[in-house]
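Heads up, the thing below is written out as structure tokens.
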Amino acid sequence: MRKVLPLKISVSGVRGIVGQSLTPQLAARFASAFGTYLGQGQVLVGQDSRPSGLMLKKAVTCSLLATGCQPIEVGILPMPTILFLTRKKQARGAVVITASHNPSDWNGLKFIGPDGLYLPASQIEEFLDIFHQGEFTFVPAERLKPALTEKNAGFLHLRRILSQIDVNLIKKRKFRVVADCANGAGATLLPSFLHELGCEVRFINTELTGKFAHQSEPTPENLKELGREVRDFKAALGLAQDADADRLALVDERGRPLGEDATLSLSVDHVLSRKKGPVVVNLSSSLVIEDIAGKYGVPVYRTKIGESNVVEKMMETRAVVGGEGNGGVIWPAVHPCRDSFTAAGLILERLAGFPGSISELMDTFPRYYLLKDKFDCPAELAFRALTELRHRYQTKNISTVDGLKIIREKAWVHLRPSNTEPIIRVMAEARTAKKAKQLLEDFKNEIKQILNQLSQSGRASY
Amino acid sequence: MKPLKLSVSGVRGIIGQAITPELVIDFASAFGTMLAAGPIVVGRDSRNSSPMLAAGVVSALLATGHEVIDLGLCPTPVIEFQVKRQKAAGAVSITGGHNPASWNALNFINGQGTYLDEFQGQELLDLYHLNRFQPVLFKKAPGIIRELNPEEPYFDWLLSRLNLPAIKQAHFKVVADPVNGAGSKLVDKLFDLLGARLTAINNGANGYFPHDPEPRPRNAMEVSSLVKITGADIGFLLNSDASRLSLVSENGETLSEEYTLPLLASYYLKKHPGPVVTNLSTSMMIDEVAKEKKVSVIRTRVGQSAIIQAMLQEKAAVAGEGSGGLAFDYFQPAFDAFAAMALFLELLAVEGQKISSLVERLPRYHIVKDSLVCPAHRLHTLVAEVKKLYPGVEINQMDGLRIEKKDLWIHVRASATEPLIRIIAESSSPHRAQTEVDKIMSYLRRLTG
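Quick note, the sequences are listed as chains R and H, same order.
Sequential numbering from 941 applies to the first sequence in my numbering.
Sequential numbering from 4 applies to the second sequence in my numbering.
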């Protein structure tokens, strides 16, 4: 049997293993489709630190030129920086050569539309149609444009953030900070950014070799090294970026991870204290967001998981802040995308205006406990099981925007079939760890029971 | 039909039609797969499509595990020189040569710094058609080395092989038209080093071709007037990658590109005697020169690849084509217009003669060249049809049809670079050559309707 090569084509672009499924030919076809889709215009080309980035960038540049676009190569830059620059430079779009947190022998292409926004699903469809049909528009020689290279364009992004926060207030505190760039593109700009804010910084994992010292998910395991360094450096705060630098995790002055929702909670609270307005978060973000919004008397909208869903709703509701509980803060005053630099700026500003430590600041928020679990379930059964569960709870406060979320007083449970694996993810949040655990177990048992019944009735019908 | 020309030495076509990113990447991947491990040199001419092709080529070479030595804008002879200097596995020269600006091509060069020979060329085509490339897994990524000023060691080498004191002492005045191609600006350096005063036009390396980048009299009007105005000793026209050369004499006469080879060979063979290699379409003038120097003439198929291959096999002293491409054994086995220009100045300095009087000494032949646009799929069958016009005559079919009569030869062949049938005839009688070409042209026109 022929081995199936790992190649994933999805709404966020294409990913594969370089030299196996991801070849220059494939990259050139995708970029030819994208150039055809955009029509002629300027297109930013960015990359992360992977060793195959240069090779793929050349293939992308070749195709963008051939379709009459003008590529602007901006080099290794964080994802939010490229999104910001796409709008700032009024480019037609951007191609980013990155595979986020995948191992270093992977790479991929992400496609960004006008205004520096991810393409909505309908537009992605159109672009993929062009790709699959292979009907590319190549221009004759006299209409080819020269490729441009821009160095240091990333500082425009930093300048924008710095113009939106009180730099002097932060500078006065001379924060000692440890920053973990996870060997991602964030390392290109975070040193300058924290320097501008007058911080004394120790950096770890800043080498851009394409090899990642640890995975960039902000699990306690991955934040251990940062915690040690924070204690050793006697820092006030530890900052951890993910590989694309769109998400930020925090470690307190004692080296303890602050939990996934801390970044968003601190940022939302701080933005609302400056300017009131709607907040948009996804279904899995903590209830503390409702508590914070309640304090300021502003509404909270919840959307499906996924950055583009949150962004879309934010634009619709003219939200002042939003994001995802996994450390992705979206502040439209800079750019409507998840941005670890914006998050770091907001949190440092908040801390600068607070007389205590970061852990004391966190104690001012209501404490919630979020637990996550998953179990195997074939995709076709998962849908039927969740439908059955929905029937049972339809008279209660539920949300079916993304899977099934059952909302209780100061607690919720969220069941969601994975898009990529045959599993169901279960999450529960409550004011105490015990309650969260109870909620999680109850619903896990209930859904398993439904699955048993379904598979038995399925067998009986044969 | 999208004209695409695959030959042993490369692939050429019109940008946006036959030449697409995928074609470029596939060919360069085949080349990267074919070559042994080692860096590969990449250079390009000034066409505005060349950076697009270069990006695709570099991507494919990196993907097949080769480090790339990027020479940037660089004429083919300098690329060929750098292959040997860098001990590279090969090179890709991105240039449409003499083709119009809407065209471009990948020219593949082996580790010896010459165009691929027919076996290597066949292997490349096989790999391309099999579409089985060997991409490497990216554990350790090959990179790009940017070589700045690749012409400097080249000029050092070139000068070391010339009678420099004689050239410098003559203080020549020169006019050159590098047609805004890859030779632009470099002509300033070359003639400065040779102590000559240069007046150059179309010297911008911007890829805008004010005339077709083919060195020949109909493109030489500006050079001719400048030679007259400045009182220059000689005028030069280059193609877009400085591999071909035609001349304008000191009195402003625009010389056929056919003169380049015999004029220079008659000087060069005195110092470096040896066989001469040329193609079936090149003027009989070279036979006269060779007879005088008592060396043999070997005729090959048309194209740099065939000529250079024969040059190496036959240990020839000079190899060249009537289109103005020349290679010399004491220099490099590659068409090199810089070496040819420098040698022309050496010739003028050493012989103390004017170009016009050197031309006078050559036998006068009349060469008539014509071409017929023809659908690509009928090129070869139509060429074969011409045989019917010459029943009972012995025909050389090494490359199309070549018919020899007393004081006349005719060559009919399918162009390797464009969808054209080329008809060339030469005789000491202008009338005979023209009549022969007209006869074939009208016959072919009737067939193509």
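All C-beta atoms, glycine included, are put in the ideal place defined by N, C-alpha and C.
Note that this is a predicted model, so its numbers are computed, not measured.
- Beta-carbon separation (whole angstroms), H/G238 vs H/L250, contact threshold 8 Å: For H/G238 against H/L250, the beta-carbon gap comes to about 7 Å, under 8 Å, which counts as contact.
- For the stretch 972 to 994 of chain R, enumerate the residues whose C-beta is nearer than 9 Å to any C-beta of chain H, in chain order. Hits within the stretch, in order: S972, R990, P991, S992, G993 and L994.
- Item | CA-to-CA distance, H/L119 to H/V27, given in whole angstroms | Going by the C-alpha atoms only, they are around 17 Å apart.
- Item | Chain-order list of residues whose beta-carbon lies under 7 Å from that of R/T1089 (same chain, five-residue window excluded) | Excluding sequence neighbours, R/T1089 sits near E1013.
- Does DSSP put R/L1394 in a helix, a strand or coil? In this structure, R/L1394 counts as helix in the three-state DSSP scheme.
- Decide if the stretch 341 to 358 of chain H is in contact with the stretch 163 to 181 of chain H; the criterion is three or more beta carbon pairs, one per stretch, under 8 Å apart. Verdict: yes, contact present.
- Assign H/V396 to buried or exposed, taking buried as 16 or more other Cβ atoms, counted over all protein chains shown, within 10 Å of its Cβ. With fewer than 16 other beta carbons inside 10 angstroms of its own, H/V396 counts as exposed.
- Item | Opening and closing residue of the alpha helix (DSSP H) in which R/H1412 lies | Outside the shown range of chain R (941 to 1402) lies residue 1412 of chain R, about which nothing can therefore be said.
- Report yes or no: do three or more beta-carbon pairs, one from the stretch 1023 to 1031 of chain R and one from the stretch 1092 to 1099 of chain R, lie closer than 8 Å? Between the stretch 1023 to 1031 of chain R and the stretch 1092 to 1099 of chain R, the count of C-beta pairs closer than 8 Å reaches three or more; the two stretches touch.
- Message: I want to see whether chain R comes within less than 8 Å of H/M344, judged by CB atoms only; does it?
- Response: Closer than 8 Å: no.
- Work out the CA separation of R/S1248 and R/Y1058 for me, nearest whole Å. Rounded to whole angstroms, the gap between the alpha carbons of R/Y1058 and R/S1248 is 6 Å.
- Thinking C-alpha only, which one of R/L1380, R/R1371 and R/K1050 is nearest R/R1365? Cα-wise, what sits closest to R/R1365 is R/L1380.
- Query: Rounded to whole angstroms, how far is the Cβ of H/R272 from the Cβ of H/K296, which I believe are closer than 8 Å?
  - Reply: The sequence shown places Leu at residue 272 of chain H, rather than the Arg named in the question. Contact flag correct, Cβ pair sits at about 4 Å.
- Whose Cβ in chain H lies nearer than 8 Å to the Cβ of R/K998? Scanning chain H for C-beta atoms nearer than 8 Å to the C-beta of R/K998 yields A58, G59, V61, S62 and L65, reported in chain order.
- Quick one: does R/S1003 have its CB under 8 Å from some CB of chain H? Taking Cβ atoms only, chain H reaches closer than 8 Å to R/S1003, which makes this a yes.
- Item | Span of the alpha helix (DSSP H) around H/W160 | It spans E154 to S163 - the alpha helix (DSSP H) in which H/W160 sits, taken as one unbroken run.
- Query: Which residues does DSSP pair with H/N282 in a beta bridge?
  - Reply: Answer is H/T303.
- Can you tell me which of the three DSSP states R/G1263 falls into? Annotated three-state conformation of R/G1263 is strand, per DSSP.
- Message: Can you tell me whether H/P24 is helix, strand or coil according to DSSP?
- Response: H/P24 falls in the helix class under three-state DSSP.
- Query: So what does DSSP say about H/G13, is it helix, strand or coil?
  - Reply: Here H/G13 sits in strand by DSSP.
- Task: Return no unless some Cβ of chain R is closer than 8 Å to the Cβ of H/K8.
- Result: Interface criterion not met: the Cβ of H/K8 is under 8 Å from no Cβ in chain R.
- Message: Strictly under 8 Å for the Cβ-Cβ distance: is H/P54 near chain R by that measure?
- Response: Among the CB atoms of chain R, one or more fall inside 8 Å of the CB of H/P54.
- Query: Would you call H/G146 buried or exposed, if buried means 16 or more other Cβ atoms sit within 10 Å of its Cβ?
  - Reply: By the Cβ-count criterion, H/G146 is exposed, with fewer than 16 other Cβ atoms from all chains shown falling within 10 Å of its own Cβ.
- Message: Looking at R/G959: is its Cβ nearer than 8 Å to the Cβ of H/P138?
- Response: In this structure, H/P138 lies closer than 8 Å to R/G959 by Cβ.
- Query: For the candidate residues H/A21, H/V190 and H/V14, whose alpha-carbon lies nearest to that of H/Q125?
  - Reply: Answer by Cα proximity: H/V14.
- Given R/F1098 as reference, the closest of R/S1132, R/T1372, R/R955 and R/G1263 once Cα atoms are compared: In the sequence under discussion, the amino acid at residue 1098 of chain R is Leu, which differs from the Phe named in the question. It is R/S1132.
- Message: Is there a C-beta anywhere in chain R that falls below 8 Å from the one on H/T202?
- Response: So, not an interface residue.
- Mind checking whether H/V386 and H/I413 have CB atoms under 8 Å apart? For H/V386 and H/I413, no; Cβs fall outside 8 Å.
- Report, in whole angstroms, the separation of the C-beta atoms of R/G1150 and R/R990, which I expect to be a contact under 8 Å. Contact flag correct, Cβ pair sits at about 4 Å.
- Have a look at R/T976, R/A999, R/L978 and R/F974 and flag the residue whose alpha-carbon is nearest the alpha-carbon of R/Q965. Checked all of R/T976, R/A999, R/L978 and R/F974; the closest Cα to R/Q965 is R/A999.
- For H/A57 versus H/I22, is the C-beta spacing smaller than 8 Å? No. Outside cutoff.
- Expressed to the nearest angstrom, what Euclidean distance is found between the alpha-carbon atoms of H/R177 and H/S259? Looking at the sequence provided, one finds Val at residue 177 of chain H rather than Arg. Near 18 Å, if we compare the C-alpha coordinates of H/S259 and H/V177.
- Query: Would the stretch 335 to 348 of chain H and the stretch 72 to 84 of chain H be scored as touching if the rule is three or more Cβ pairs under 8 Å?
  - Reply: The stretch 335 to 348 of chain H vs the stretch 72 to 84 of chain H: in contact.
- Item | Contact between the stretch 1188 to 1208 of chain R and the stretch 1170 to 1180 of chain R (3+ Cβ pairs under 8 Å) | Counting Cβ pairs under 8 Å, three or more are found: they touch.
- Taking Cβ positions only, does R/L917 come closer than 8 Å to chain H? The structure shown does not extend to residue 917 of chain R, since chain R spans only 941 to 1402, so no value can be given for it.
- Note down, in chain order, each residue of its chain lying with its Cβ closer than 6 Å to the Cβ of H/N254, except the 5 sequence neighbours on either side. Taken in chain order, the residues that qualify are S359.
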